[in-house]
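Chains as they are written, first to last, in this note's numbering: chain A, 1 to 142; chain B, 1 to 142; chain C, 1 to 142; chain D, 1 to 142; chain E, 1 to 142; chain F, 1 to 142.
Think of the CB as a built atom: it goes at the ideal place given N, C-alpha and C, for glycine as much as any other residue.
Given the structure is predicted, the values throughout are model-derived calculations rather than measurements.
Remarks on the structure that follows.
There are 6 protein chains.
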Amino acid sequence: MRLLQALNPFRDIETVAAHCDLMCGVYNPAQARIEAESVHEIAKKAQDSDDPYFKQRATFLKEERAELAKHHLWVLWTDYFKPPHVEEYPQLHDLFWRATKACGDAKKSADPADGQKLLDLIDEISEIFWKTKGGKPDWMTG
Amino acid sequence: MRLLQALNPFRDIETVAAHCDLMCGVYNPAQARIEAESVHEIAKKAQDSDDPYFKQRATFLKEERAELAKHHLWVLWTDYFKPPHVEEYPQLHDLFWRATKACGDAKKSADPADGQKLLDLIDEISEIFWKTKGGKPDWMTG
Amino acid sequence: MRLLQALNPFRDIETVAAHCDLMCGVYNPAQARIEAESVHEIAKKAQDSDDPYFKQRATFLKEERAELAKHHLWVLWTDYFKPPHVEEYPQLHDLFWRATKACGDAKKSADPADGQKLLDLIDEISEIFWKTKGGKPDWMTG
Amino acid sequence: MRLLQALNPFRDIETVAAHCDLMCGVYNPAQARIEAESVHEIAKKAQDSDDPYFKQRATFLKEERAELAKHHLWVLWTDYFKPPHVEEYPQLHDLFWRATKACGDAKKSADPADGQKLLDLIDEISEIFWKTKGGKPDWMTG
Amino acid sequence: MRLLQALNPFRDIETVAAHCDLMCGVYNPAQARIEAESVHEIAKKAQDSDDPYFKQRATFLKEERAELAKHHLWVLWTDYFKPPHVEEYPQLHDLFWRATKACGDAKKSADPADGQKLLDLIDEISEIFWKTKGGKPDWMTG
Amino acid sequence: MRLLQALNPFRDIETVAAHCDLMCGVYNPAQARIEAESVHEIAKKAQDSDDPYFKQRATFLKEERAELAKHHLWVLWTDYFKPPHVEEYPQLHDLFWRATKACGDAKKSADPADGQKLLDLIDEISEIFWKTKGGKPDWMTG
Numbered sequence: 001m002r003l004l005q006a007l008n009p010f011r012d013i014e015t016v017a018a019h020c021d022l023m024c025g026v027y028n029p030a031q032a033r034i035e036a037e038s039v040h041e042i043a044k045k046a047q048d049s050d051d052p053y054f055k056q057r058a059t060f061l062k063e064e065r066a067e068l069a070k071h072h073l074w075v076l077w078t079d080y081f082k083p084p085h086v087e088e089y090p091q092l093h094d095l096f097w098r099a100t101k102a103c104g105d106a107k108k109s110a111d112p113a114d115g116q117k118l119l120d121l122i123d124e125i126s127e128i129f130w131k132t133k134g135g136k137p138d139w140m141t142g
Numbered sequence: 001m002r003l004l005q006a007l008n009p010f011r012d013i014e015t016v017a018a019h020c021d022l023m024c025g026v027y028n029p030a031q032a033r034i035e036a037e038s039v040h041e042i043a044k045k046a047q048d049s050d051d052p053y054f055k056q057r058a059t060f061l062k063e064e065r066a067e068l069a070k071h072h073l074w075v076l077w078t079d080y081f082k083p084p085h086v087e088e089y090p091q092l093h094d095l096f097w098r099a100t101k102a103c104g105d106a107k108k109s110a111d112p113a114d115g116q117k118l119l120d121l122i123d124e125i126s127e128i129f130w131k132t133k134g135g136k137p138d139w140m141t142g
Numbered sequence: 001m002r003l004l005q006a007l008n009p010f011r012d013i014e015t016v017a018a019h020c021d022l023m024c025g026v027y028n029p030a031q032a033r034i035e036a037e038s039v040h041e042i043a044k045k046a047q048d049s050d051d052p053y054f055k056q057r058a059t060f061l062k063e064e065r066a067e068l069a070k071h072h073l074w075v076l077w078t079d080y081f082k083p084p085h086v087e088e089y090p091q092l093h094d095l096f097w098r099a100t101k102a103c104g105d106a107k108k109s110a111d112p113a114d115g116q117k118l119l120d121l122i123d124e125i126s127e128i129f130w131k132t133k134g135g136k137p138d139w140m141t142g
Numbered sequence: 001m002r003l004l005q006a007l008n009p010f011r012d013i014e015t016v017a018a019h020c021d022l023m024c025g026v027y028n029p030a031q032a033r034i035e036a037e038s039v040h041e042i043a044k045k046a047q048d049s050d051d052p053y054f055k056q057r058a059t060f061l062k063e064e065r066a067e068l069a070k071h072h073l074w075v076l077w078t079d080y081f082k083p084p085h086v087e088e089y090p091q092l093h094d095l096f097w098r099a100t101k102a103c104g105d106a107k108k109s110a111d112p113a114d115g116q117k118l119l120d121l122i123d124e125i126s127e128i129f130w131k132t133k134g135g136k137p138d139w140m141t142g
Numbered sequence: 001m002r003l004l005q006a007l008n009p010f011r012d013i014e015t016v017a018a019h020c021d022l023m024c025g026v027y028n029p030a031q032a033r034i035e036a037e038s039v040h041e042i043a044k045k046a047q048d049s050d051d052p053y054f055k056q057r058a059t060f061l062k063e064e065r066a067e068l069a070k071h072h073l074w075v076l077w078t079d080y081f082k083p084p085h086v087e088e089y090p091q092l093h094d095l096f097w098r099a100t101k102a103c104g105d106a107k108k109s110a111d112p113a114d115g116q117k118l119l120d121l122i123d124e125i126s127e128i129f130w131k132t133k134g135g136k137p138d139w140m141t142g
Numbered sequence: 001m002r003l004l005q006a007l008n009p010f011r012d013i014e015t016v017a018a019h020c021d022l023m024c025g026v027y028n029p030a031q032a033r034i035e036a037e038s039v040h041e042i043a044k045k046a047q048d049s050d051d052p053y054f055k056q057r058a059t060f061l062k063e064e065r066a067e068l069a070k071h072h073l074w075v076l077w078t079d080y081f082k083p084p085h086v087e088e089y090p091q092l093h094d095l096f097w098r099a100t101k102a103c104g105d106a107k108k109s110a111d112p113a114d115g116q117k118l119l120d121l122i123d124e125i126s127e128i129f130w131k132t133k134g135g136k137p138d139w140m141t142g
């Protein structure tokens, strides 16, 4: 038991949260990650193409995917993270602010590098997230 | 000119922002405020009613309105506010975090007091917002 | 009391409406106005730009904002206004028809003048709306 | 040719409209009709049931369908009908106003009669619509 | 009675289905058909135009309509059709797969022929659908 | 190289697909899995609760999550899988049909067992999916 708590210092926090939280408690940064991968791939494919019709579609499809990535990040920030997490990881607010702004940057830019920057910020968030959960579920790693 | 800048210390920031921002630059906390008013009114009307059908509808309609208020707040936080604003108003991240969490609380609760708490937090955000803009537009005040 | 009624001739109508209306009663033409401002600003920024990627994004983002303005106008027309309003303001149906058609025109056109025409029609609607309410709330004018 | 025009007095109007209309020109009141049928059927099934879980789902699913019916009606009113139609059918504005208000009434009420009232108003609109088109397409009648 | 059953071999199935189905039972391939008509018309109008602004709008509006056609087809496939239908029409899965893929093809292509191919597949589905229902309702054919 | 192909027999198919596919190529059954987890958890929490307000919210929130799971499954079926996959896994159409129908069942039922059944079907799909990809990406397993 103590071992489990050592692995997951937020275990108690979450039990507390469970009492005041009405809903399902299912959060996973994979949702933002998958949309951000689309953003990145679309930008790369558009860059490699010289078909103006394809490039037009890439522009608005990238916009939609970046908006979804942004939404998933906002939900994580507001709904999953609790004050004790912010005490432990004081960079959280700024990190989410930069990550959601990076979604906007990836809309505004046709450069795949902006998609990569977004992926990197989501990976930073994921690392913290999985630490607070004590590890990934089996269906991801298995 | 100097007088205008005195009234709006963010004037220069915004001019800078205009160069890197692709989009329309139209932000207004009234969007979140109006949805939060619905949240509050729905909770009050549901509390005053003893019609179970009405109360059921109130529950899911309040949920929708609170989600829209949350969305408008997220957009303001990520898209409107820039680092110099956060330097001037260091409470911004925490204020938006509490306000978006208050949207969740107003979903989870049937108590109109949670709607009022949300309205109060939006008013705090609005006050800062309009200071950074140097005042409200004529169509609001006129 | 009579003074208040003089200021707001629809006061009684609304009390009646409150009995048959299930929901929140919160309406505000500011919602349509803010989206229409975006439509107008996007058209102006696109006109001033010669970046084809920016102009493409402007086209579909303007479309989205015009659709939202249209939706907010439709809701006002159907849900807020009642037969006694139409008796007092017989131009209401035609005014809303022209305003929602102006949303379509602002989609079809890249000319900022179409955004301005939409803003003007929304201001005409707003003037009538606030007369029926007896004035704007403090959070707008204050 | 004159025969065709006799069958469809709006034929010329539509040709004109085609020049200023950017988009597809495909309108069909069947879209509103199908959603309104759902509204009606859901109300009937909920009335016949005494399962509270089923009745709860019926309430919010009816709400969604009524919103879609309303949206399809608004689109027809604003986007399909043109001033010459209103000259020919001066009841159009009021008819659409009552039909979209009937969508709201069908949300507020658990009574299937409100769904039937909505269906009747959509049938009135459909009759006018198909007159202006000169008849239904083969894929509907065939 | 036997005559009716001869006309509609699925009559019994549907009665059974009605017992386990919670919801409204209203399905109509007209929903997919109408969106697919838009897809086809938009592609034709874009092909005939040499206005780049119009063509841009056509690209993303066609995308939206094709997505709606796809959604309506998915709903029919999953929610309306039952195992006995698939026994009677073993081509159903593949037909829906090709029809929903045709929605994707009509997004990817500016060629109106892809819209026509989608319309043809929807007509194949409609023919089966109306056979399982024993014919179209009066409001369509009347 | 031959080893890689042995591990992923679809490698060539995908290269071919890449030539005719306009878009990003990012698919991941985790999207459906995460929504289905919510469906399951919501049903469990509602079952354990005797707060009618909480149970009402659970009903419509579960409905939304099940709809999202369904959508993600439909997209995988139509957009990711290609004819050679169906040759290799002839059960695919029926598996997706049962999985998307299981989303509907999980809406209709308050029993967590229906959420579990959905999770099991998604796991069956995931197993096939990851075989066709030659394994999961590092960000999932790492």
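Remark: C-beta atoms of E/C24 and D/S38 approach each other more closely than 7 Å. By the Cβ neighbour-count rule, E/E87 is exposed, with fewer than 16 other Cβ atoms within 10 Å of its own.
Contacts with chain C (Cβ-Cβ distance below 7 Å) from the segment 78-92 of chain D involve T78 and D79, listed in chain order. Under the three-state reduction of DSSP, B/S38 is assigned to helix. For the segment 41-55 of chain C, the set of positions with a beta-carbon nearer than 7 Å to some beta-carbon of chain A reads Y53 in chain order. If you draw a straight line from the Cα of A/R65 to the Cα of E/E67, it is about 15 Å long. When the beta-carbon positions are compared, F/K62 and F/I42 come within less than 7 Å of each other.
DSSP places B/Q91 outside any alpha helix (DSSP H), giving it a letter other than H or E.
Within the segment 104-121 of chain B, contact with chain F at the beta-carbon level (separation under 7 Å) is assigned to A110.
Among the residues of chain D, none has a CB under 9 Å from the CB of F/T132; the nearest is roughly 36 Å distant. Within the segment 55-72 of chain F, the residues whose Cβ lies closer than 8 Å to some Cβ of chain D are Q56, T59, F60 and E63, listed in chain order. At the C-beta level, C/A36 and C/A46 stay beyond 7 Å of one another. Of the candidates B/D111, B/W139, B/M140 and B/D94, the residue whose Cα lies closest to the Cα of B/E124 is B/D94. In the DSSP assignment, D/D123 falls within the unbroken alpha helix (DSSP H) covering P112 to K133. When DSSP states are grouped into helix, strand and coil, D/V86 belongs to the helix group. Residue D/A113 holds the alpha-carbon nearest to the alpha-carbon of D/K44 among D/D105, D/H72, D/W97 and D/A113.
When rounded, the separation of the alpha-carbon atoms in B/Q31 and C/W97 is 24 Å. Under the three-state reduction of DSSP output, F/P29 falls in the coil class, being neither helix nor strand. Contact with chain B is absent for A/K136, since none of that chain's Cβ atoms lies less than 7 Å from the residue's Cβ. In this structure, the straight-line span from the alpha carbon of B/A102 to that of B/K117 is close to 7 Å. Around the Cβ of B/P29, a 10 Å sphere holds 16 or more other Cβ atoms; the residue is buried. At a cut-off of 7 Å between beta-carbon atoms, D/V75 makes no contact with chain E. For C/W97, none of the residues of chain B pass the 7 Å Cβ criterion, the least Cβ distance being about 22 Å. Counted as a single uninterrupted DSSP element, the stretch harbouring D/Y80 is not any alpha helix (DSSP H), since DSSP gives it neither H nor E.
For B/T100, the closest of A/V75, A/P137, A/S126 and A/I128 by C-alpha to C-alpha distance is A/V75. In this structure, D/H40 and D/G104 do not form a Cβ contact; the two beta carbons are roughly 15 Å apart against a cut-off of 8 Å.
Closest option to F/H72, judged by alpha-carbon separation, among F/S49, F/P137, F/I122 and F/G135: F/I122.
At a cut-off of 7 Å between beta carbons, A/I125 makes no contact with chain F. DSSP places E/K70 within a helical segment (H, G or I) once states are collapsed to three.
Nearest Cα to D/W130 within the set D/Y80, D/A106 and D/A69: D/Y80. The straight-line gap separating the alpha-carbon atoms of A/Q91 and A/P84 is approximately 13 Å. Residue-level contact by beta carbon fails for A/I128 and chain F, as no gap is shorter than 7 Å. The beta carbon of B/A30 sits closer than 7 Å to some beta carbon of chain C. F/T141 is classed as exposed because its beta carbon has fewer than 16 other beta carbons within 10 Å across all chains shown. DSSP places A/D138 inside the alpha helix (DSSP H), whose first and last residues are D138 to T141.
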